[in-house]
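Just below is one structure, and these are the notes that go with it.
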Amino acid sequence: MEKKNHCKRKRKPKPKPSSRDLHPPPRDSHPNAIFALLLASLSKLQQSHSLPFINKCLLAIRRSSLLRSRISVRPILALLPTLLCSTRSQIACRGADFIGAASLVSLEVNEEIASDSETVKGLISLFRNPKRKVLLSACNAVLDLATTTFAQQQLIKFSALNKLTFVFLQIFKGLKCVCLWSEGNESHHSLKIGIKEDELSVAFLTATIILINACEIEQLQNIPTRRSHVFLSLLKEIRVKVSDPEVVESARKCNEEGGLCKSNIAVSNLSESIFRLSINSSQRTGSLALEVIERGLFGRSDTSFEDFIMNYWEASPFLLSRTMKDLNTYDMFSPFVQSLSWKGSVPSLLSSILQGLMSCFPIASDEQNILNFLNEVKGRLGYPIIYQQDIRVVKTDSQSRKEMHYFQDFHSGCIKEPLYLTFDDVLKCGQAYEEGYTVALRGLEFRYQSIAAIADTLSLMFGQPSVGANLYLTPPNSQGLACHFDDHCVFVCQIFGSKKWSIYSRPSQLLPRLYDNLLGSDFDCTKADRREFFLQEGDVLYIPRGFPHEANTNSGVGDGSPGFSLHLTLSIEVEPPFEWGGVAHFALHCWSENRKRTCYDGLNSLSQKLHIVSVNLLHVAIGIISNFDPNFRKACLSAADYLPPGVYNSLFQGQRSTFFHLIDKIRTESRFLEVLRSIEVAIQKNEDPFQQIRWLRVLHSEKETSSEYNTIKSFTIEDLLSLHAQHKDKLEASFLDVKSRFCSEVVFEEVVTSHRTLFQKYRKTRKQYINGMVSLHDKL
């Protein structure tokens, strides 16, 4: 058989590799030599043999000692934008890897990389690459770069967060399993989150959370709304899973399991991201209709909101006894009741209420920047509930009339470390209930959206930014709290069961102020007049601040109730700027600010100094009057504009009359020598004579800062006596002139307008806090 001849096509011979391709640059090569070789290779990138050599150069750089020197690495940094923009995936990955390694060398190198906008934009542009290897290198580089605050802000500036969320939602396929893992003996909030997912998804999730927690409020609003909601839902799903008691208990075992991508996301980091993404959500919490709350508090009785303000507000207890028609029509708590897993047993009810709850750390009453709060609680969001701060388990001994706490580790006033309630402690609350203890849970407005909506409407009705809600579950034949009075007004709303209340006559006509120290204010109830009220389901009892009260259950009342009691208290908290004394301080502040803009003839003139000191002296005078005049301590309702026009107009006229009555008091009772003596006593006691108006500092916007107030304060305290010695007659004349002009020129309508603006500032921060906390508790 004849063999066939095959024609062989001649192949073009491959170019011979150069010596530099055969021999990559050694690790100890001079930086300039490696840079020159790398630059030359990049110029010939189209040649196939250049790619391996470039990779070898970059690898040599990364492994060498070059990264230890900022000067040595600078030429390479100049090439980063070129490397990152390369269409060759291997080169782009090497460029990203180099950024990651260099970012960890020193703060100086990290800042130099982050300062180069082209490098940062080039790195972020890699998120458009469909190849997972490139995406992983880019994300890991972002994680390494984002170890400094400056770099985080640079990444956010160039929209890295938007790109991260977009890519993550594209590649993420759903949660298979979420676990907790530990590197040691951490508490729950410090445990890291492990996800049985691919490495790429975990890297993107981690980077996104880091940047979210580095954002300003305005920057968070740049995330597209729908994408933010989707990402928030995923974070909350993870949060629910890591709150499961079984997951918490098995946290240590996860270290030994396979198939787990261990992130560096702590529970507190996750909680902070959920909080941040929720603070400005208009859908998180809202108000209820005014009619719903008004009927919920006053039912179908003849007492309207206007009648209540005129006859009962801060003056006398008031009871609304429900009819069946009221219960069927005006039950504002039905969404809350429906959210409880009520299975006919109190332990199951307790479990449904307490499981998975997080601590709600207090926010400063005058705080107007929610980020300040987040900085204060950094690393602590997601804590379990804290005894005394969030929950109390207490009963009053029938013989001694003293309160006893179920948890013996707690000693009021002596506790050094917070007592966190673990899963086992929560179970013990059921046992405590069986032993006659009342379980009192604070801050329901931070934990239930339906309660937050009620609190929000009450805030608008009464013109007060802070409205709280607490829950009290008391077993039969028991008393929880001992006889006491509060520094806030409360509406006691009976949800289940019944309870007998005893309210005693007020020991003083001076209303207790919010945040006053009530410890030691023991009250002998045997010598006071008493009124008794019996509350059944649906009833509402109003107790003004300052009225001592106590309550107990009685299973033998024969009313068919189960003997136990579950009630909520809605607390109207009058912050210092919103009592009449605070309004007087605010009015003086606004008047003085307006006068400074028009009347000062020189920055350091004697007349200006006398005016500044005199204004501060008048503030002290108002404080002295407020300490003894009951009218100055009452709540001002001028910001209560969530009312029908007729009701508001009537209320407005009453508020106007009160305001000018107090102005007349200031005119007639402010005495120069008395003010001087008060300041001297405060200085001798090392006290701040202006403590009552500390909240005025926050009225200055950040662009003006509070330095002006601090300068005035410092000048007043340190130089007052000297100024008085040198210009005694002039200072007294200036004080009298300031008092006379203020009392004559102040305009109530202008004060109300400014006061409402202040109310909205307080309310905005409070609303953001509630939105964040309610979101953290959602679905738990």
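Going by my numbering, the first residue of the sequence shown is number 9, and it counts up by one from there.
Just so you know, even glycine gets a beta-carbon here, dropped at the ideal spot from N, CA and C.
Quick caveat: nothing in here was measured; it's all calculated off a predicted structure.
Counting C-beta atoms within 10 angstroms of its own C-beta, G182 has fewer than 16 neighbours from the protein chains shown and is therefore classed as exposed. V210 is positioned such that its CB atom lies no closer than 8 Å to that of V250.
Secondary structure at S486: coil, using DSSP grouped into helix, strand and coil. Bounds of the alpha helix (DSSP H) holding N383 are 378-384.
About 7 Å separates the beta carbon of P325 from that of F555, a gap short enough to meet the 8 Å contact definition.
Secondary structure at S94: coil, using DSSP grouped into helix, strand and coil. Residues of the same chain with a CB within less than 7 Å of the CB of V746, apart from the 5 flanking positions on each side, are H619, S622, V623, L626 in chain order. Going by C-alpha positions, F542 is about 14 Å away from I551. Between the beta-carbon of L278 and that of R247 there is about 6 Å, and that keeps the pair under the 8 Å contact cut. By the beta-carbon neighbour count (other beta carbons within 10 angstroms, threshold 16), D433 is buried. A direct Cα-to-Cα measurement between I225 and L379 gives close to 8 Å.
A direct Cα-Cα distance of roughly 21 Å separates V759 from S373.
Rounded to whole angstroms, the separation of the alpha carbons of I371 and E540 is 36 Å.
Sequence-distant Cβ neighbours of S658 in its own chain, meaning closer than 8 Å and more than five residues away, are E314. Taking 8 Å as the upper bound for CB-CB distance, A648 and F586 are not in contact here, some 10 Å apart. Within the same chain, and ignoring the five residues on either side of V655 in sequence, the residues whose Cβ sits closer than 8 Å to its Cβ are S312, F313, E314. Within the same chain, and ignoring the five residues on either side of S646 in sequence, the residues whose Cβ sits closer than 6 Å to its Cβ are Q663, V760, H763. In the structure shown, F454 adopts helical secondary structure according to DSSP, grouped into three states. Contact annotation, R641 with R521: C-beta distance approximately 6 Å; criterion of less than 8 Å satisfied.
Per DSSP, reduced to three states, the secondary structure at W588 is helical. Assignment of Y441 by DSSP, reduced to helix, strand and coil, places it in the helix class. The residue among D532, D464, N635, I580 with its C-alpha nearest the C-alpha of E558 is D532. Where S353 is concerned, there is no enclosing beta strand (DSSP E), because DSSP gives it neither an H nor an E. K171 and T233 have their C-alpha atoms some 14 Å from each other. Nearest to D206 by alpha-carbon distance, out of E191, C185, T216, is C185. Excluding sequence positions up to five before and after T482, its CB lies within less than 6 Å of the CB of T446, G488, T561, S573, all in the same chain and listed in chain order. DSSP places L429 in no beta strand (DSSP E); its state is neither H nor E. Taking a 10 Å sphere around the C-beta of S406, we find fewer than 16 other C-beta atoms and assign the residue as exposed. Taken through DSSP and simplified to helix, strand or coil, F176 comes out as helix. Three or more Cβ pairs drawn from the stretch 226-245 and the stretch 162-180 lie within less than 8 Å of each other, which places the two stretches in contact. Put simply, the backbone Cα of F174 is about 31 Å away from that of Y456. The alpha-carbon of Y320 is positioned some 15 Å away from that of Q517. Secondary structure at P520: coil, using DSSP grouped into helix, strand and coil. Looking only at S123, L357, L298, the smallest Cα-Cα distance to P653 is reached by L298.
Excluding five sequence positions before and after D152, the CB atoms of its chain that fall closer than 8 Å to its own CB belong to I107, G108, A109, S111, L112, given in chain order. Within the DSSP bridge table, the entry for K200 names W189, A274 as partners.
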